[in-house]
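Peer 1: Please read through the structure below; I'll follow up with questions.
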Amino acid sequence: MTMSPHEIQAYVLTYLEALDCQIMERSPAHVTVKLSPEADKALTNRPYYWGFVERVGVEPETMSFTFVFDPEAYQQITEAAEAKAKASQPVQTPPDAPKETILGRYFGITPSMPQLGPGRILREDVVYGSRRLQQIFTAAREGGAFVNLFEQAAKRQIRATSPAVYEPWLGVCFKVEFACDLKREELHFLGISLRSGEIIEKFGSKLSRRDLSPRLAENMHAQSPKISLADAGAALESHLTAHLSRLDYSWAEKAKERLQLELDVVDAYYEAVLREDMPAVTEDETVRPVINRVRGILESVPADVELASESTIQQTQDDVDPEQEKAKQAVIDREAMKLQYENRRTEMIWQYEPKVKVTAISSGMFHLR
0 MTMSPHEIQA YVLTYLEALD CQIMERSPAH VTVKLSPEAD KALTNRPYYW GFVERVGVEP
60 ETMSFTFVFD PEAYQQITEA AEAKAKASQP VQTPPDAPKE TILGRYFGIT PSMPQLGPGR
120 ILREDVVYGS RRLQQIFTAA REGGAFVNLF EQAAKRQIRA TSPAVYEPWL GVCFKVEFAC
180 DLKREELHFL GISLRSGEII EKFGSKLSRR DLSPRLAENM HAQSPKISLA DAGAALESHL
240 TAHLSRLDYS WAEKAKERLQ LELDVVDAYY EAVLREDMPA VTEDETVRPV INRVRGILES
300 VPADVELASE STIQQTQDDV DPEQEKAKQA VIDREAMKLQ YENRRTEMIW QYEPKVKVTA
360 ISSGMFHLR
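No gaps in the numbering here: position 76 of the sequence shown is 75 in numbering that gives the first Met the number 0, and each next residue is one more.
This is the structure we're talking about:
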């Protein structure tokens, strides 16, 4: 899955406008924006500054950014603007010539310092996979996990003699993952009336035609719910579970068949290896502690069984006869191979076993007319 520069720009602009950021300049390739306090807290990672502002009570100074969504197109736009500006200006001193300053008179030419402070505008490329875009995704997911919105009334309703009535709805967006060695995802946005218990699928289509705001409109009355949020959430889960139970799960049967084929291959390989002739091991007081010790190390360090067995060999070198040492080595190799076999089966089951996972990614209270 990926996103085009146009899709990224639309998403970022929606986020910035939702947080009341000031758009100073925009083009198909970029946007220059002054962040609102809420967006600055979410995107700039300045906890000490905002802690100072909140303690002292001073007017905050938020940061400004130029977010570039198409670096190549933005570079062309910038070069064209610079060329046009140079062509419209008369011939003057080269722009790179240093200006005379007080320090320059006494110490020679001094390098120009970077612009700091409130007027500084930082540039960042916001492309798919960039750190800043991932940060915006995270901030939008955390900030929009739950909302409380009211449908705005028409002007004639504001001047009406009796108030209009809101009906409370609970809306939940569920993400359903169908996973095996392949993966597919679906989004189900369901809504339930907290007055009547009516459940609507594709609840987002119902909301898209309405003007919603976090503020309660004038001359409007919000009804109290008859159904609790816990009961409403349980009803939505039951509705979604019933819908999922009616789906075709032939893909799961095919995934189980692929899993069994993979396990058959793994079993055949390791059974052949473990059936190989191994030197006989005498169950005496010398070998048994080594077996227990090797098993403990292998279980504690499953990702590197070979290193664990080698370190054990070095630590258990005693003055024993070669046959006994060979028997100990056989025990170590066999235990390592058994653990590797178990880990390999576990990996195959995790990768191929079909499963359905349901997650509530966002929810909200919607007061509609």
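All C-beta atoms, glycine included, are put in the ideal place defined by N, C-alpha and C.
Report the CB separation of serine 192 from glutamate 166 in whole angstroms; it is logged as a contact under 8 Å.
Peer 2: 6 Å
Peer 1: Is methionine 364 helix, strand or coil by DSSP?
Peer 2: strand
Peer 1: Let's see if you can read the secondary structure: which residues bound the alpha helix (DSSP H) around glutamate 184?
Peer 2: From DSSP, glutamate 184 is part of no alpha helix (DSSP H) but of the beta strand (DSSP E) over 182-192.
Peer 1: Using DSSP with H/G/I as helix, E/B as strand and the rest coil, what is leucine 228?
Peer 2: helix
Peer 1: Could you tell me which uninterrupted beta strand (DSSP E) segments, each at least 3 residues in length, are contained entirely in the stretch 6-90, listed from first to last along the chain?
Peer 2: 21-26, 29-33 and 63-67
Peer 1: Excluding five sequence neighbours on each side, which residues of the same chain lie with their C-beta closer than 6 Å to the C-beta of tyrosine 269?
Peer 2: Tyr340
Peer 1: So if DSSP puts cysteine 172 in a beta bridge, which residue, or which two residues, is it bridged to?
Peer 2: Per DSSP, Phe188 and Ser361.
Peer 1: For the stretch 122-131 and the stretch 4-13, state whether three or more C-beta atom pairs, one from each stretch, are separated by less than 8 Å.
Peer 2: yes
Peer 1: Thinking just about the alpha-carbon of each residue, which of Ala231, Pro213 and Val57 is nearest to the one in serine 195?
Peer 2: Ala231
Peer 1: Going by alpha carbons, who is nearest to alanine 139 out of Leu367, Tyr47, Thr358 and Ala17?
Peer 2: It is Ala17.
Peer 1: Leaving out five residues on either side along the sequence, give the residues of the same chain with a beta carbon under 6 Å from the beta carbon of alanine 178.
Peer 2: Lys354
Peer 1: In whole angstroms, what is the alpha-carbon distance linking glycine 56 and leucine 121?
Peer 2: 26 Å
Peer 1: State the start and end residues of the unbroken beta strand (DSSP E) segment that holds valine 265.
Peer 2: For valine 265, there is no enclosing beta strand (DSSP E); the residue is found in the alpha helix (DSSP H) stretching over 249-273.
Peer 1: With DSSP run on the structure shown, which of helix, strand or coil describes serine 3?
Peer 2: coil
Peer 1: Three or more beta-carbon pairs under 8 Å between the stretch 24-44 and the stretch 56-69, yes or no?
Peer 2: yes
Peer 1: Determine the burial state of tyrosine 14: buried for a count of at least 16 other Cβ atoms within 10 Å of its Cβ, exposed for fewer.
Peer 2: Label assigned to tyrosine 14: buried.
Peer 1: Is it right to say histidine 366 is buried, meaning 16 or more other beta carbons lie within 10 angstroms of its own, or is it exposed?
Peer 2: Buried, since its Cβ has 16 or more Cβ neighbours within 10 Å.
Peer 1: Using a Cβ-Cβ distance cut-off of 8 Å, determine whether isoleucine 191 contacts chain D.
Peer 2: The structure shown contains no chain D; it holds only a single protein chain.
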